[in-house]
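Undergrad: Residue numbers (full-length UniProt numbering): 1 to 152.
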Amino acid sequence: MGGGGSSTRRVTFEADENENITVVKGVRLSDSVIDRMKEPSSPSARPQSQQRSASGSANDEELKKRIAEELALERARRDSEAQKRRLFGKLLERERISSNEHLTRAILRERAATEEERQKAQRFAKQLEEKDRELKKHDAYYKEQLARLEER
């Protein structure tokens, strides 16, 4: 409706006491619009305006329907994203729990192996002490036998 540029224009309206617009400032009208405004209003023009308002309300209904559909799609997209985040969070939590359990089992195995090695070392130490006592007994016995032989 007029104005071929994409720049923003300042438009002002002035109204009379019956709220009829009398002056529109800042809007460029095409020649065909000006000619139609100059023509006396005819009764045939009124049904067209009624048809336009009927089609306008149909367009409004279609626009409302389209907006509702777009809002529903956006809501569904957000819900889908939220569900993905929840599922990803649950997956991460399960992975964390599994990893902690694996780590705990590994720590327990390591502690058990360490305890087993400690007990084994104690057993070997006792065996070594026992062997040492036996060797000392044998040493004392052989020294005694050697001393007896030397006396003869």
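Note that the Cβ used here is the ideal one computed from N, Cα and C, for glycine as well.
Here the structure is a predicted model, which means the values were calculated and not measured.
Would you tell me roughly how many angstroms separate the C-alpha atoms of residue 47 and residue 87, rounded to the nearest one?
TA: For residue 47, the pLDDT reaches just 48, beneath the cut-off of 50, and the residue's location in the model is therefore unreliable, although a value from the coordinates is still provided. Cα to Cα, the separation comes out at about 59 Å.
Undergrad: Determine the direct distance from the alpha carbon of residue 126 to that of residue 109, and round the result to whole angstroms.
TA: When rounded, the distance between both Cα atoms is 26 Å.
Undergrad: If you follow the alpha helix (DSSP H) that residue 32 is part of, which residue opens it and which one closes it?
TA: Here the alpha helix (DSSP H) through residue 32 covers 31-38.
Undergrad: Hey, how far is the Cα of residue 62 from the Cα of residue 89?
TA: Each residue's CA atom was taken as its position, placing residue 62 and residue 89 some 40 Å apart.
Undergrad: Could you check what DSSP says for residue 59 in three-state terms: helix, strand or coil?
TA: helix
Undergrad: Pull up the distance between the alpha-carbon of residue 124 and that of residue 144, whole angstroms please.
TA: 30 Å
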